[in-house]
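Numbering (numbering that gives the first Met the number 0) for the sequence shown: 0 to 270.
For each residue, glycine too, the CB sits at the ideal point set by N, CA and C.
Worksheet: one structure, shown below.
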Amino acid sequence: MRTELVSQPGDSDRPNEDFAAVALPASGQGGALVVLDGVTPPHGGTGCLHSVPWYTARLGGALTELTVSLPDVPLTEVLSRAIARTADTHSATCDLSHPRTPQATVVVARWSEETVDHLVLSDSALLLESSRGSVTPVLDDRLSRLPRSALASDAVIDATLRNKEGGFFTAAADPSVARRAVTGARPRAEVRALAALTDGAARWVEKFRQGDWTDCFRLVRKEGAQVLVDRVRELERADSELRGFLGRSKTHDDATVVHAELGASRPRRTR
């Protein structure tokens, strides 16, 4: 297996709110990747003493450990336990019911010799390359399907859409949100490689329309994850005009790409 991980903050004066990890179990069988995109809050309170990077580091760490150490537990349950564990670390000091309590989008993939399981919550992306070379995006598109009129302001979004039925969901402090994630599984023999992207890197497809998801995956595989991030930055600098919530809410966003080539699966040994 070969992996590549690139994560770059949108602003050098601000900490990177993304989290990314690739993990291999001690058995040497299979592996996992985890990518989180911390949600930058608007100006004002969040009810929490802690920063978004604090939250993504703890949720990401818990999610990585549990994904690998509990290989037979479904990813929805793994995410639920990770959210609960993280909430427990600051529930005594922070108001976790606040709509802007620290939160993040989530991508998880876990593979064994038999299967590749995956989970996506909110607007980060997971790309699966088949053994035949076709690329399938796994997306949670609930946010992008909302009408622009519903996204009039942060206050309206928080009151009516954020982590609410008919809106969109992120990992915050409620473990039950894990059931809202987009999940699936494929035979290991049908998946050759994976790529996970936060929306700052996915802008190459979603905002700047430089190609489709297959083109994006092939760019990462051929030229590397850093090249994708660099090209997004070039496009952002060339078009610095902000276009509102459905365009770009900020000129540069944290951008993370994890690429994993799984290689050929091996037949399971029998005793």
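Residue closest to residue i, alpha-carbon to alpha-carbon, out of the options
i	options	result
residue 188	155, 176, 225 and 131	131
residue 156	26, 40 and 104	40
residue 62	98, 104 and 46	104
residue 99	81, 79, 159 and 56	159
residue 220	165, 200, 233 and 192	192
residue 251	231, 262 and 257	231
residue 15	23, 38, 88 and 164	38
residue 175	184, 23 and 164	164
residue 173	50, 96 and 223	96
residue 60	93, 20 and 25	20
residue 212	138, 51, 0 and 9	138
Euclidean distance between Cα positions of residue i and residue j
i	j	result
residue 44	residue 28	44 Å
residue 149	residue 140	15 Å
residue 112	residue 171	32 Å
residue 127	residue 70	20 Å
residue 152	residue 36	21 Å
residue 186	residue 5	27 Å
residue 64	residue 198	24 Å
residue 54	residue 183	26 Å
residue 57	residue 125	22 Å
residue 87	residue 237	44 Å
Other residues of its chain near residue i: CB distance less than 6 Å, five sequence neighbours each side excluded
i	result
residue 109	31, 66 and 116
residue 234	207
residue 177	75, 78 and 79
residue 84	61
Nearest-angstrom Cβ-Cβ length linking residue i and residue j, presumed shorter than 8 Å
i	j	result
residue 134	residue 216	5 Å
Sequence-distant residues of the same chain with beta carbon closer than 7 Å to residue i, five excluded per side
i	result
residue 90	none
residue 244	Low confidence applies to residue 244: its pLDDT is 34, below 50, so where it sits in the model is not reliable, and the reading given next is rough at best. Hits under 7 Å: 150.
Handout entry: Those runs of the alpha helix (DSSP H) which lie wholly inside the segment 33 to 95 and span at least 4 residues
Key = 51 to 68 and 74 to 87
Practice task
Go through the segment 197 to 266 residue by residue and report every complete run of the beta strand (DSSP E) that reaches 3 residues or more, in order.
Solution key: 254 to 260
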